[in-house]
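A.B. asks: Numbering (the UniProt record's numbering), first residue to last: 1 to 261.
Cβ coordinates follow ideal geometry from the N, Cα and C atoms, glycine included.
Quick caveat: nothing in here was measured; it's all calculated off a predicted structure.
First the structure, which I've put down as structure tokens, then a few questions once you've had a look.
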Ligand SMILES: NC(=O)c1ccc[n+]([C@@H]2O[C@H](COP(=O)([O-])OP(=O)(O)OC[C@H]3O[C@@H](n4cnc5c(N)ncnc54)[C@H](OP(=O)(O)O)[C@@H]3O)[C@@H](O)[C@H]2O)c1
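Take a look at the structure:
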């Protein structure tokens, strides 16, 4: 029998914050389509089905035009309106800008910026005629400060934050809402995947990914423009960032991200 549950999707939904966001949707009665670049996406879909909903996994590279199109074609093929879209996939890249390979920086931009704009275009053109839908964009508290030794990453997240806020205003009155999630450092494999295993940030205190995802889900459902994901200290850091000069924040962040011998 066809499902009568609303449909959500989550990119980067096989692990970390994305999988927890997908679980939030499932626990709140959504069927969920998820995408990631490896076969882990199928295992994640099984975990979501255990929560009593339909889960639709799709493997595609979020850093290529074809990969983004292939996920959107997959979602459209489900033949149901998308009620909620979590544009969550993102990668980091630690190390000095002087040394990092240009192709790695371009790949980060392709996933974090180009891919987000690409999928958002498809989603907005789908939701606005339906006069309903909710869009969640995972940014970062890195959007509120310079991020030396992640010099391309932070600005890519600043793009995501202001993209979300801009789109939100454009879509006001259409029935489609946009919310940005700004997590602080969170317990996933993100920093290790970014080559930052020897940095202070990867070895310091991190926020609980379940709590971060819960805060993002609630903000999305309550039509809040953005939410900082994490504990009180993380939220206070963003308040403080708003009144701290950029060079001071840059020096502080460099201490957290510089790789150690
Ligand atoms: N963790 C943090 O401290 C933190 C803080 C602030 C913001 N964020 C943001 O939160 C979001 C999620 O990060 P996370 O911490 O959950 O990271 P994560 O644990 O590394 O998860 C990343 C997810 O994206 C998928 N992915 C990676 N490259 C992909 C590609 N080329 N194509 C398709 N899928 C791909 C991964 O699956 P596969 O490996 O199977 O592809 C995985 O599902 C990102 O946008 C990140 O910028 C994270």
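Cβ of residue 212 within 9 Å of Cβ of residue 195?
C.D. replies: Contact flag unset, no.
A.B. asks: Provide the residue span of the alpha helix (DSSP H) that contains residue 133, from first to last.
C.D. replies: Premise fails: residue 133 lies in the beta strand (DSSP E), 133–138, not in any alpha helix (DSSP H).
A.B. asks: Between residue 17 and residue 186, what straight-line distance do the alpha-carbon atoms span, to the nearest angstrom?
C.D. replies: If you take the alpha carbons of residue 17 and residue 186, they lie about 8 Å apart.
A.B. asks: Considering Cα atoms alone, identify which of 124, 221 and 198 is closest to residue 260.
C.D. replies: The residue with the shortest Cα to Cα distance from residue 260 is 198.
A.B. asks: Whether or not the region 118–137 and the region 145–155 are in contact is what I'm after, with contact meaning three or more pairs of Cβ atoms, one per stretch, closer than 8 Å; do they touch?
C.D. replies: No, they do not touch.
A.B. asks: Is residue 231 near ligand 1 - that is, is its Cβ less than 8 Å away from at least one heavy atom of it?
C.D. replies: Every heavy atom of ligand 1 is 8 Å or more from the Cβ of residue 231, so no.
A.B. asks: Between which two residues does the alpha helix (DSSP H) containing residue 262 stretch?
C.D. replies: In the structure displayed, the chain extends from 1 to 261; residue 262 sits before or after that span and is not available.
A.B. asks: Residues bridged to residue 60 by DSSP?
C.D. replies: None; residue 60 has no bridge partner.
A.B. asks: Going by beta-carbon coordinates alone, are residue 145 and residue 2 separated by less than 9 Å?
C.D. replies: Contact flag unset, no.
A.B. asks: Check whether the region 71–85 touches the region 167–182, counting contact only when three or more Cβ pairs, one atom from each stretch, lie closer than 8 Å.
C.D. replies: The region 71–85 is not in contact with the region 167–182.
A.B. asks: Determine, using beta carbons only, whether residue 156 and residue 108 come nearer to each other than 9 Å.
C.D. replies: Against a cut-off of 9 Å, the Cβ pair of residue 108 and residue 156 comes out as a contact.
A.B. asks: Between residue 83 and residue 8, which are expected to be in contact by the criterion C-beta below 8 Å, what is the C-beta distance as a whole number of angstroms?
C.D. replies: Right, the Cβ-Cβ distance comes to about 6 Å (below 8 Å), so this counts as a contact.
A.B. asks: Would you call the region 114–124 in contact with the region 61–68, where contact means no fewer than 3 C-beta pairs closer than 8 Å?
C.D. replies: Because the criterion of three Cβ pairs below 8 Å is met, the region 114–124 and the region 61–68 touch.
A.B. asks: Which of the three DSSP states, helix, strand or coil, is assigned to residue 104?
C.D. replies: DSSP places residue 104 in helix when its eight states are reduced to three.
A.B. asks: May I ask whether a heavy atom of ligand 1 can be found less than 8 Å away from the beta carbon of residue 25?
C.D. replies: Not under cutoff, so the answer is no.
A.B. asks: Less than 9 Å between the beta carbons of residue 123 and residue 85, yes or no?
C.D. replies: Yes. Within cutoff.
A.B. asks: Please report the straight-line C-alpha distance between residue 224 and residue 169, rounded to a whole angstrom.
C.D. replies: Roughly 12 Å between the two C-alpha positions.
A.B. asks: For residue 141, verify whether its CB is less than 8 Å away from any heavy atom of ligand 1.
C.D. replies: Yes, since a heavy atom of ligand 1 falls inside the 8 Å radius drawn around the Cβ of residue 141.
A.B. asks: Which of helix, strand or coil does DSSP assign to residue 78?
C.D. replies: Coil, per DSSP.
A.B. asks: Sort 103, 88, 258 and 189 by Cα distance to residue 217 and report the nearest one.
C.D. replies: The candidate whose alpha carbon is nearest that of residue 217 is 88.
A.B. asks: Does at least one heavy atom of ligand 1 sit under 8 Å from the Cβ of residue 109?
C.D. replies: No, the beta carbon of residue 109 sits no closer than 8 Å to any heavy atom of ligand 1.
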